[in-house]
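J.: What follows is a single structure, and I will ask about it in a moment.
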Amino acid sequence: MERDAHTTPRWLQPLQLGGLTLLAAYFLVVFQVSLSDNIPRWAMPGLWQMFTLRDPSGAQVVASARYPGDGAWRPIDLPALFPSRWGSGYRYSRNSFKKSRGRMRVLAASTCVRLEPTPEVVRFVEIRWDKVLGSSERRDVRERELIIHRCSKSVRLVGGRILPDDAVTP
Amino acid sequence: MSWLQRRLDAIYAPQWAGGWLAMRWLWVVAATIQHGSDVLSIPDVWGAPDMLFASGPWRLAEHIYLTPTMAYGVWAMTMLGIAGVAVGGRALRPALALWAIGAWMFLGYEALNVKAHDRMLAWISLGLFLSPAHERDLTHKWRSPAPRWFLIIVYSAIYGVTGWNKVLHEPAWWTDGVVLGQHFLHFHHGLKPLGIWLSGQTWLLPVMTLTTILWESLFPLLIWIRRLNPIVLALGIAFHSVLLLTMSVGPFAIVMWSAYPVLLHPELARALWLRLGGRSR
């Protein structure tokens with residue numbers, strides 16, 4: 459019995475090779491621009507940087523709430539309030555998220571909406587520590603305030619919805 | 088016949104296509120693991136009335152507001168696409184398109200966390216789309232090598248660029264293995280018992296570090312050499328297995344492994360298939 463064998467038609471072969479060469483060239487150019495500080499948007503689909511740099515410190519976001527008539531800060535169980543986590547942590551745990559004032563404002567306003575009863579103020583803090591190789595010990599623990607948000611304050615979301623007015627607790 | 092045409096005929100000689108069958112099924116497993124549990128996150132993420140974002144090219148939430156019902160519909164569409172890929176045949180390409188629309192609607196709407204394995208699964212799916220995986224009885228067929236070349240280029244990019252970025256961005260990768268040890272201790276994706284133990288093994292870390300960098304950086308070259316091809320892929324299985332045991336990086340390992348049956352040299356893949364008791368004309 460003859461083998462069932464066929465390949466790319468001859469007329470298409472040069473075009474196909476050209477396309478594959480362009481793909482390889484794209485990845486090479488992306489690699490070149492990835493070495494710079496300003497990475498253009500078109501490079502994103504082909505940009506691969508994983509575990510590239512030193513990461514000497516660990517970080518965690520914690521939050522607390524203050525309720526009307528109570529001066530004390532009460533801890534908020536953030537993982538219970540925003541349970542979804544991807545491999546790299548909770549949605550709010552990436553550095554790019556923490557560095558964005560706008561995103562932190564949305565997180566704070568969403569926290570106000572999801573907490574029952576609604577607090578007066580919520581406060582987000584990043585805890586950072588030095589890692590110790592061979593253990594989960596936290597050395598030189600320090601805190602940095604990320605945001606303090608008054609729950610009565612409105613926050614506009616992308617698409618035009620406003621928190622807390624347009625929120626229904628999920 | 089010209090010299091060029093003879094050369095093209097030689098490099099375009101049909102190759103055993105059975106690997107695409109294995110890849111299609113591994114793709115189904117990887118995509119199911121990646122998207123199946125998303126349904127549990129709909130009330131918190133895609134169907135939530137708060138926590139809406141837009142960033143970079145991901146601006147879907149500026150134009151569409153997903154209610155929980157709509158979000159469940161998008162998820163169902165994604166899963167239907169995966170089921171269609173499992174069915175295969177003529178359903179394969181429309182099913183891949185359906186999966187792509189659903190999966191990337193979710194990523195575009197969430198706008199926070201397009202992960203490496205999300206992008207990688209998209210590239211792999213494009214390879215599957217261009218491949219002969221829609222045909223039946225692939226273990227008895229020989230087809231064009233071009234779709235395999237596409238995947239080799241994509242894998243060379245992810246492994247090669249990752250390795251060379253380490254070499255050029257962080258010279259400390261070459262020295263004492265501390266960089267790897269520190270990543271084992273990441274608060275979110277690290278801190279697994281094996282990773283904590285490994286991070287303290289000062290004799291083992293440099294060996295693991297050097298192996299990782301050499302394997303990643305040289306992958307684009309070594310994968311083409313027939314004699315080294317299975318060794319490179321075996322190292323890939325070991326590399327991702329260690330990653331799986333030491334770090335929480337989602338379905339990254341299974342996504343990466345899904346195209347390995349095609350990356351394996353087709354004649355070696357056929358020999359393996361026959362040794363496992365499979366038949367091929």
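Residue numbers (the working numbering), protein chains in the order written: chain A, 459 to 628; chain B, 88 to 368. Glycine is no exception: its CB is placed at the ideal position from the N, C-alpha and C atoms.
Here's the rule: buried if 16 or more other CB atoms are within 10 angstroms of the residue's CB, otherwise exposed. What is N553 of chain A?
T.: For this step, residue 553 of chain A is matched to residue 95 along the first sequence. That one is exposed.
J.: Counting pairs of Cβ atoms below 8 Å between the region 510-526 of chain A and the region 91-99 of chain B, do you hit three or more?
T.: Touching, no.
J.: Evaluate contact between the region 543-551 of chain A and the region 294-312 of chain B, counting only Cβ atoms and requiring at least three cross-stretch pairs below 8 Å.
T.: With the cut-off at 8 Å, the region 543-551 of chain A and the region 294-312 of chain B do not touch.
J.: Distance check for W210 of chain B and M110 of chain B, CA to CA, integer angstroms please.
T.: The residue you call residue 110 of chain B lines up with position 23 of the second sequence. The residue you call residue 210 of chain B lines up with position 123 of the second sequence. One C-alpha to the other measures close to 13 Å.
J.: Quick one: is E257 of chain B near chain A, going by C-beta distance under 8 Å?
T.: Residue 257 of chain B sits at position 170 when you count from the first residue of the second sequence. It does: the Cβ of E257 of chain B has a partner Cβ on chain A nearer than 8 Å.
J.: Could you give the DSSP three-state label for R596 of chain A: helix, strand or coil?
T.: Position 138 of the first sequence, counted from the first residue, corresponds to residue 596 of chain A. In this structure, R596 of chain A counts as strand in the three-state DSSP scheme.
J.: Can we say the region 521-538 of chain A touches the region 563-581 of chain A, given the rule of at least three CB pairs closer than 8 Å?
T.: The region 521-538 of chain A is in contact with the region 563-581 of chain A.
J.: Assign Q102 of chain B to one of three DSSP states: helix, strand, or coil.
T.: Locating residue 102 of chain B in the second sequence gives position 15, where the first residue counts as 1. Three-state DSSP puts Q102 of chain B in a strand.
J.: Report yes or no: do the region 140-147 of chain B and the region 124-131 of chain B share at least 3 C-beta pairs separated by less than 8 Å?
T.: No contact exists between the region 140-147 of chain B and the region 124-131 of chain B.
J.: Is the region 195-215 of chain B touching the region 332-346 of chain B in the sense that three or more CB pairs, one from each, lie closer than 8 Å?
T.: Touching, yes.
J.: Run through DSSP, which three-state label would D125 of chain B get?
T.: Within the second sequence, residue 125 of chain B is the residue found at index 38, counting from 1. In the structure shown, D125 of chain B sits in a helix (DSSP, three-state: H, G or I).
J.: Within 8 Å (strictly less), CB to CB, does G143 of chain B reach chain A?
T.: Mapped onto the second sequence, residue 143 of chain B falls at position 56. So yes, G143 of chain B belongs to the interface.
J.: Quick check: the Cα distance between T627 of chain A and V349 of chain B, rounded to an integer number of angstroms?
T.: Residue 627 of chain A sits at position 169 when you count from the first residue of the first sequence. Residue 349 of chain B sits at position 262 when you count from the first residue of the second sequence. For T627 of chain A, the predicted structure reports a pLDDT of 46, less than 50, and the residue's modelled location is therefore unreliable. A value from the coordinates is still provided. Those two C-alpha atoms are separated by around 47 Å.
J.: Within a Cβ cutoff of 7 Å, which residues of the same chain sit near R540 of chain A, ignoring the five residues on either side of it in sequence?
T.: Position 82 of the first sequence holds residue 540 of chain A. One point to set straight first is that residue 540 of chain A is Phe, not Arg, in the sequence displayed. Hits under 7 Å: Y548, R549 and Y550.
J.: Return the Cβ separation of W506 of chain A and I245 of chain B in integer angstroms, given the expectation that the two are a contact with Cβ distance under 8 Å.
T.: Your numbering for residue 506 of chain A matches position 48 in the first sequence. Your numbering for residue 245 of chain B matches position 158 in the second sequence. Right, the Cβ-Cβ distance comes to about 5 Å (below 8 Å), so this counts as a contact.
J.: Per DSSP, G453 of chain A is paired with what?
T.: Shown here, chain A extends from 459 to 628; a query on residue 453 of chain A therefore has no answer.
J.: Tell me where the beta strand (DSSP E) around I534 of chain A begins and ends.
T.: The residue labelled residue 534 of chain A in the question sits at position 76 within the first sequence. Here the beta strand (DSSP E) through I534 of chain A covers R532 to I534.
J.: Could you tell me which chain A residues have their CB closer than 8 Å to the CB of A203 of chain B, listed as they occur along the chain?
T.: Here residue 203 of chain B refers to the residue found at position 116 of the second sequence. Near A203 of chain B (Cβ distances below 8 Å), the residues of chain A are W506 and M508.
J.: Does any residue of chain A bring its CB to less than 8 Å from the CB of H273 of chain B?
T.: Here the question's residue 273 of chain B lines up with position 186 in the second sequence. Answer yes: the Cβ-Cβ gap between H273 of chain B and chain A drops below 8 Å somewhere.
J.: The beta strand (DSSP E) that contains K228 of chain B, what's its start and end?
T.: The residue labelled residue 228 of chain B in the question sits at position 141 within the second sequence. Unbroken beta strand (DSSP E) run through K228 of chain B: K228 to R230.
J.: Report, in whole angstroms, the separation of the C-beta atoms of A104 of chain B and L194 of chain B, which I expect to be a contact under 8 Å.
T.: What you label residue 104 of chain B is simply residue 17 of the second sequence in a count that begins at 1. What you label residue 194 of chain B is simply residue 107 of the second sequence in a count that begins at 1. Between L194 of chain B and A104 of chain B the Cβ distance is about 31 Å, and since that is not below 8 Å, they are no contact.
J.: Which of the three DSSP states, helix, strand or coil, is assigned to I120 of chain B?
T.: Mapped onto the second sequence, residue 120 of chain B falls at position 33. Here I120 of chain B sits in helix by DSSP.
J.: According to the Cβ coordinates, are S546 of chain A and H352 of chain B closer than 8 Å?
T.: As a position in the first sequence, residue 546 of chain A is number 88, starting the count at 1. As a position in the second sequence, residue 352 of chain B is number 265, starting the count at 1. Taking 8 Å as the Cβ cut-off, S546 of chain A and H352 of chain B do not qualify as a contacting pair.
J.: Curious, which full-length beta strand (DSSP E) runs of at least 3 residues does the region 530-584 of chain A contain?
T.: Taking only runs of at least 3 residues, the beta strand (DSSP E) segments lying wholly in the region 530-584 of chain A are 532-534.
J.: Hey, does T465 of chain A have any beta-carbon neighbour from chain B nearer than 8 Å?
T.: Your numbering for residue 465 of chain A matches position 7 in the first sequence. It does: the Cβ of T465 of chain A has a partner Cβ on chain B nearer than 8 Å.
J.: Can you pull the chain B neighbours of W544 of chain A, defined as C-beta to C-beta under 7 Å?
T.: Stepping through the first sequence from its first residue, residue 544 of chain A is reached at position 86. Simply N200, K202 and G337.
J.: Tell me the DSSP bridge mates of H150 of chain B?
T.: For the purposes of this step, residue 150 of chain B is taken as the residue at position 63 of the second sequence. None; H150 of chain B has no bridge partner.
J.: Tell me whether the beta-carbon of K228 of chain B lies closer than 8 Å to the beta-carbon of D588 of chain A.
T.: Translated into positions along the second sequence, residue 228 of chain B becomes position 141. Translated into positions along the first sequence, residue 588 of chain A becomes position 130. Taking 8 Å as the Cβ cut-off, K228 of chain B and D588 of chain A do not qualify as a contacting pair.
J.: Where S51 of chain B and D495 of chain A are concerned, what is the direct C-alpha to C-alpha distance, given to the nearest angstrom?
T.: Residue 51 of chain B lies beyond the range of chain B shown here (88 to 368); nothing can be said about it.
J.: Alpha carbon to alpha carbon, how far is H464 of chain A from Y99 of chain B?
T.: Working through the first sequence from its first residue, we reach residue 464 of chain A at position 6. Working through the second sequence from its first residue, we reach residue 99 of chain B at position 12. So the alpha carbons of these two residues sit roughly 9 Å apart.
J.: Distance cutoff 8 Å, beta carbons only. Does T226 of chain B sit that close to anything in chain A?
T.: Your numbering for residue 226 of chain B matches position 139 in the second sequence. Output row for T226 of chain B: interface = no.
J.: I'd like to know whether the C-beta of S610 of chain A is nearer than 8 Å to at least one C-beta of chain B.
T.: Position 152 of the first sequence, counted from the start, is the residue given in the question as residue 610 of chain A. By this cut-off, S610 of chain A is not an interface position.
J.: Distance check for A566 of chain A and H607 of chain A, CA to CA, integer angstroms please.
T.: Position 149 of the first sequence holds residue 607 of chain A. Position 108 of the first sequence holds residue 566 of chain A. Those two C-alpha atoms are separated by around 6 Å.
J.: For a cutoff of 8 Å on Cβ pairs, would you count K556 of chain A as touching chain B?
T.: Counting from one through the first sequence, the residue named residue 556 of chain A turns up at place 98. It does not: the Cβ of K556 of chain A has no partner Cβ on chain B nearer than 8 Å.
J.: Note down the Cα distance separating L179 of chain B from L255 of chain B, rounded to an integer number of angstroms.
T.: On the second sequence, position 92 is the one that residue 179 of chain B refers to. On the second sequence, position 168 is the one that residue 255 of chain B refers to. Those two C-alpha atoms are separated by around 41 Å.
J.: Is the beta carbon of F140 of chain B closer than 8 Å to that of V487 of chain A?
T.: The residue labelled residue 487 of chain A in the question sits at position 29 within the first sequence. The residue labelled residue 140 of chain B in the question sits at position 53 within the second sequence. Going by C-beta atoms, V487 of chain A is not nearer than 8 Å to F140 of chain B.
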